[in-house]
Amino acid sequence: TQTDLLFVGRTEDRKKGLGTLLEALALLPEHVTLKIVDGRIPDDGLVMRFLRRHRIEGRVKLVRRMLTTQELVEQYSTARAAVVPSFFEGFGFPASEAMACGLPVIANAAGALPEVVGTDGSAGRLVPPRDARAMADAILDVLADPARTQRMGRA
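Under the numbering used here, the residue at position 40 of the sequence shown is numbered 137, and the numbers go up by one with no gaps.
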């Protein structure tokens, strides 16, 4: 099943910025979906509390186990875009993995992410850190035109 957005990373690490992504999702139309891949999502952690508080559980699919490389590639192949909302990223493996799998990336303009994603907008969109509205707008922009979304994924 295709999903709109994919987040891969440690959900309980606040530097990964998942809270901002979930806030952005709550601002987006109800048809926009998100898949979160993290083998260690606690039942009482940040993600579960936020999903319940904002009543967006039905729009988020959780993959709560460690994946093989092939399984991770399959997750990327079922998404339309990847979101990397980290406040600090030394290199940006999720962004580079997504791009290697042909996905456009919406990322925070923080750490090494501008170098990985690029600043010209051809492979994705950069947004100011901790700005859920800017992230929501960038997500809508990337998803609005399927042909452009595919071009961005090939950039």
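Just so it is clear, CB atoms sit at the ideal spot from N, CA and C, and this is done for glycine as well.
Report the CB separation of Pro201 from Met232 in whole angstroms; it is logged as a contact under 8 Å. That belief does not hold up - the Cβ atoms of Pro201 and Met232 are roughly 14 Å apart, past 8 Å.
Check the C-beta distance from Gly189 over to Ala209 and give it rounded, since I have them as a contact under 8 Å. 5 Å
Just mark Glu194 as buried or exposed, buried being the case when its beta carbon has 16 or more other beta carbons within 10 Å. buried
Looking at C-alpha atoms only, which residue of Ile203, Asp242, Arg162, Lys113 is the closest neighbour of Arg230? Ile203
Does DSSP put Leu125 in a helix, in a strand, or in coil? coil
At what residue ranges does the segment 199-247 contain a whole run of the beta strand (DSSP E), taking only runs of 3 or more? 202-205, 221-224
Throw me the rounded Cβ distance for the Leu131 and Leu102 pair, which I believe falls under 8 Å. 5 Å
To the nearest angstrom, report how far apart Glu109 and Gln247 are at their CA atoms. 31 Å
Can you find at least 3 beta carbon pairs, one from the segment 174-188 and one from the segment 149-166, that sit closer than 8 Å? no
Arg143, enclosing beta strand (DSSP E) - first and last residue: Reading off the sequence shown, one finds Leu at residue 143, where the question assumed Arg. No beta strand (DSSP E) holds Leu143; the alpha helix (DSSP H) holding it covers 143-151.
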